[in-house]
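Inspection log for the structure reproduced underneath, given as structure tokens.
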Amino acid sequence: MPIVSRAQDVYCPSCGTAMSLRKGRYGSFYGCSSYPKCKKIVNLDDAPLYASPPVQKAFTPSSYQEDIREFALHGNGHGIVKARAGSGKTTTNVWIGNEMRDFLGVAFNTHIQRAWAAKARTGVIKTWHSFGLWAIRRELGRVEVDSDGAKLRAMIWPAIDAQRHLEYDDKRALFGTTRQLISLAKNTLNDDFDQLSNRYGIALNGDQDLVYTLAGMALEQSKQQTSVVDFDDMIWLPNVLNLQTPQFEFILGDEVQDWNMAQIGLAKRALAPGGRFLGVGDDMQSLYGFRGADAEAVPRLVQEFNAEVLSLPISYRCPKQVVALAQLLVPDIQAAPWAEDGEIRYYTSDDFLASVGAGDMILCRTNAPLVAPIYALIQMGIKATIRGRDIGEGLVVFIEKYAKKAATFNEMLMRMCAYRDREVAKALAQDKGSLAQSVNDKVETILALSVDVDTVEQLIDKTRTIFDSATPTVVGSTVHRAKGLEADNVFIIRPELMPHPMAKQAWEIQQEANCQYVAWTRAKKTLTFVTD
Numbered sequence: 237m238p239i240v241s242r243a244q245d246v247y248c249p250s251c252g253t254a255m256s257l258r259k260g261r262y263g264s265f266y267g268c269s270s271y272p273k274c275k276k277i278v279n280l281d282d283a284p285l286y287a288s289p290p291v292q293k294a295f296t297p298s299s300y301q302e303d304i305r306e307f308a309l310h311g312n313g314h315g316i317v318k319a320r321a322g323s324g325k326t327t328t329n330v331w332i333g334n335e336m337r338d339f340l341g342v343a344f345n346t347h348i349q350r351a352w353a354a355k356a357r358t359g360v361i362k363t364w365h366s367f368g369l370w371a372i373r374r375e376l377g378r379v380e381v382d383s384d385g386a387k388l389r390a391m392i393w394p395a396i397d398a399q400r401h402l403e404y405d406d407k408r409a410l411f412g413t414t415r416q417l418i419s420l421a422k423n424t425l426n427d428d429f430d431q432l433s434n435r436y437g438i439a440l441n442g443d444q445d446l447v448y449t450l451a452g453m454a455l456e457q458s459k460q461q462t463s464v465v466d467f468d469d470m471i472w473l474p475n476v477l478n479l480q481t482p483q484f485e486f487i488l489g490d491e492v493q494d495w496n497m498a499q500i501g502l503a504k505r506a507l508a509p510g511g512r513f514l515g516v517g518d519d520m521q522s523l524y525g526f527r528g529a530d531a532e533a534v535p536r537l538v539q540e541f542n543a544e545v546l547s548l549p550i551s552y553r554c555p556k557q558v559v560a561l562a563q564l565l566v567p568d569i570q571a572a573p574w575a576e577d578g579e580i581r582y583y584t585s586d587d588f589l590a591s592v593g594a595g596d597m598i599l600c601r602t603n604a605p606l607v608a609p610i611y612a613l614i615q616m617g618i619k620a621t622i623r624g625r626d627i628g629e630g631l632v633v634f635i636e637k638y639a640k641k642a643a644t645f646n647e648m649l650m651r652m653c654a655y656r657d658r659e660v661a662k663a664l665a666q667d668k669g670s671l672a673q674s675v676n677d678k679v680e681t682i683l684a685l686s687v688d689v690d691t692v693e694q695l696i697d698k699t700r701t702i703f704d705s706a707t708p709t710v711v712g713s714t715v716h717r718a719k720g721l722e723a724d725n726v727f728i729i730r731p732e733l734m735p736h737p738m739a740k741q742a743w744e745i746q747q748e749a750n751c752q753y754v755a756w757t758r759a760k761k762t763l764t765f766v767t768d
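Take the sequence shown: its position 194, counted from the start at 1, is 430 in my numbering, and no numbers get skipped.
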């Protein structure tokens, strides 16, 4: 991406480095000149807000952080820190790590890993996936990384393609189901496919025997074909092949509430005999149980490591009114002593858009209700998008599949509705609330997109416009996609969807409470509930 010129002085709000004016596919923007170390970007309209370097605030640890430091540097045994939203989890890890001579710091994703590594003076900072790949290459030599699914496709697609009675779109759907089951098996270290399909609401559509056979075959072949590894293999293979991993006397873990069993297994392997583990996370921000993350990761880690539980309850992000609301779900969360009062507002769906401005966030439990307000903002000339370009492309595939089976646009929509009614009823009858939610939201999102649309081509164009990956002025997002984000002003539409009425099992109901808590605590100044 070529640098055009520096039209004015703009400084990165993340790292303070001077930014450069760049030109991309969707227009010009300011990008941090330390890229790829920092990937922060700023819209042209927002540039005046960053005309001077950000003031670097001196870090003054709280008494809770001092206690955690004392435990890490001079205590005994393992620890789990229950750190509430906006409490400075990464800041605490960086501060403690910088006082150690050697340690392994484990970040949940590459964004956190880069931010931590940029501030770390000592230690090895990894994600579990990069750590697992490191271990694989140490034991098995140089291996190739499969980033586009070619390894798995080569294993199972020939058998799927041999099903002559299936149309191509049905074969693609079967491949997707099998791939999902394989991924869950690797992440959970569990090859009981019946248990997995029931627990995670996988729609087998009468193909159970074939899916189970293909999944079992792929797991065995994945153990043997180690010259190429995919993303799931990185954390799975060291566990199932009993590989020797690098070991450390101290491990600092970030966002441990979202660790799955394969990652917990790596933590146990990476800890040197007599070493110590300190994990930091918020049990009430565990949202990824549907992806294979262990929804009980925090209590499981406490049990696995016989860990002492410490507390980091002060939210430095949220104003006092938002913290007071969050205390209804998480009584121990606290507001910072200097926190602003903030504001909790209640608007109707007819008038809230007039209050939405640059940098604001619109959240919902599901995607479908986001379509109308985001599209309205786009029509008003405001650059808005729903997070998740992969979601948009998945919807396009679904639309194209049903378009082939229908003579008219309306018939296509009717067929989709019939599919939704059938599959939701089946899922709810089996207490698979997560699957019912997913199917229902997919079709409801397409129905919302079809308003004022007459053709399949128009529907696909509209879908790709709304689920655009370009840098937006206003972000629309499901709560799951917004985790880790924050904004001064957060709008929650259709708040009655949290808890979601289709959540039936105990773990699903707990995840819904977690969704509420995560949604509320994205707000730094105002939290607005939008009702019909």
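All residues carry an ideal CB built from backbone N, CA and C; glycine is no exception. Fair warning: this is a prediction, and the values are worked out from it, not measured in the lab.
Fill in: Nearest to Phe-295 (by Cα), restricted to the options Ser-288, Lys-637, Gly-313 and Thr-327
Per the C-alpha coordinates, the member of Ser-288, Lys-637, Gly-313 and Thr-327 positioned closest to Phe-295 is Thr-327.
Worksheet entry | Proximal residues to Met-237 (C-beta, below 8 Å), its chain only, five neighbours per side dropped | The predicted position of Met-237 is uncertain, since its pLDDT is 34 and thus under 50; no value can be drawn from it.
Worksheet entry | Endpoints, the beta strand (DSSP E) within which Asn-725 is located | Run containing Asn-725: 723 to 729, per the beta strand (DSSP E) assignment.
Discussion item. Is the separation between the beta-carbon of Val-710 and that of Ile-618 shorter than 8 Å?
Written reply: Contact: yes.
Worksheet item: Helix, strand or coil: how does DSSP classify Val-828 here?
Response: This structure does not reach residue 828, given that the chain is present from 237 up to 768, and the question cannot be answered.
Worksheet item: Which runs of the beta strand (DSSP E) spanning at least 3 residues fall entirely within the region 293 to 365, listed in chain order?
Response: Listed in chain order, the complete beta strand (DSSP E) runs (minimum 3 residues) inside the region 293 to 365 are 315 to 319, 340 to 343 and 360 to 363.
Worksheet item: For the 8 Å Cβ check, are there 3 or more pairs between the region 463 to 472 and the region 374 to 394?
Response: Yes: the two stretches touch, three or more of their Cβ pairs being nearer than 8 Å.
Worksheet item: What is the DSSP secondary structure of Pro-249, counted as helix, strand or coil?
Response: Reduced to three states, the DSSP call for Pro-249 is coil.
Worksheet item: Where does Tyr-436 sit, in a helix, a strand or coil, going by DSSP?
Response: Correct three-state label for Tyr-436: coil.
Worksheet item: Are Asn-676 and Val-516 close, meaning C-beta to C-beta below 8 Å?
Response: Taking the C-beta atoms as reference points, Val-516 is found no nearer than 8 Å to Asn-676.
Worksheet entry | Contact under 8 Å by Cβ, Ser-323 with Pro-482 | Pro-482 sits away from Ser-323, with the two beta carbons spaced by 8 Å or more.
Worksheet item: Nearest to Ser-713 by alpha carbon, out of Gly-624, Gly-578, Asn-542 and Asp-519?
Response: Residue nearest to Ser-713 within the set Gly-624, Gly-578, Asn-542 and Asp-519 is Gly-624 (criterion: CA-CA distance).
Worksheet item: Hey, which unbroken runs of the alpha helix (DSSP H) at 4 residues or more fall wholly within the region 426 to 476?
Response: Taking only runs of at least 4 residues, the alpha helix (DSSP H) segments lying wholly in the region 426 to 476 are 429 to 435, 444 to 460 and 467 to 476.
Practice prompt. To the nearest angstrom, report how far apart Gly-669 and Leu-280 are at their CA atoms.
Written response: Annotation: Gly-669 to Leu-280 spans about 43 Å, alpha carbon to alpha carbon.
Worksheet item: Ordered along the chain, which non-local residues of its own chain (more than five positions away) have a Cβ less than 7 Å from that of Gln-835?
Response: Limits of the chain in this structure are 237 at one end and 768 at the other, which puts residue 835 out of reach.
Worksheet entry | 8 Å Cβ shell around Tyr-753 - same chain, five flanking residues per side excluded | Correct list, in chain order: Ala-321, Met-520, Gln-521, Ala-562, Leu-565 and Val-566.
Worksheet item: Exposed or buried, His-716, counting other C-beta atoms within 10 Å across all chains shown (16 or more means buried)?
Response: Counting Cβ neighbours within 10 Å, His-716 comes out buried, since at least 16 surround it.
Practice prompt. Look up Gln-747 in the DSSP assignment and say whether it is helix, strand or coil.
Written response: Look at Gln-747 here: in three-state DSSP terms it is helix.
Worksheet item: Between the Cα of Gln-349 and the Cα atoms of Asp-697, Pro-297 and Glu-491, which residue gives the shortest distance?
Response: Here the closest residue by C-alpha is Glu-491.
Discussion item. Just to confirm my understanding: we take Met-652, look at its own chain, exclude 5 residues before and 5 after, and list those with CB closer than 7 Å. What are they?
Written reply: Residues of the same chain with a CB within less than 7 Å of the CB of Met-652, apart from the 5 flanking positions on each side, are Tyr-638, Val-679 and Ile-682 in chain order.
Discussion item. If distances are taken between C-alpha atoms only, which option among Ala-672, His-365 and Pro-735 comes closest to Val-660?
Written reply: Just measuring C-alpha positions, the residue of Ala-672, His-365 and Pro-735 sitting nearest Val-660 is Ala-672.
Discussion item. Please classify Gly-315 as buried or exposed, where buried requires at least 16 other C-beta atoms within 10 Å of its C-beta.
Written reply: Classification of Gly-315: buried, given that the 10 Å Cβ count is 16 or more.
Worksheet entry | Identity of the residues DSSP links to Lys-807 by a beta bridge | The first residue shown for the chain is 237 and the last is 768, placing residue 807 beyond what the model contains.
Worksheet item: Can you tell me the Cα-Cα spacing of Leu-606 and Val-689, whole angstroms?
Response: In this structure, the alpha-carbon of Leu-606 lies about 17 Å from that of Val-689.
Item to complete: Give the secondary structure of Asp-490 by DSSP, where H, G and I count as helix, E and B as strand, and everything else as coil.
Response: The answer is strand: DSSP assigns Asp-490 an E or B state.
Practice prompt. Determine the DSSP secondary structure at Leu-502, reduced to helix, strand or coil.
Written response: When secondary structure is reduced to three states using DSSP, Leu-502 falls in the helix class.
Discussion item. With a threshold of 8 Å between beta-carbons, can Ile-745 be considered close to chain B, or not?
Written reply: Note that chain B does not occur in the displayed structure, where there is just one protein chain.
Worksheet item: By Cβ distance below 8 Å, which residues in the same chain neighbour Asn-542 in space, the five residues on each side in sequence not counted?
Response: The residues are Gly-313 and His-314.
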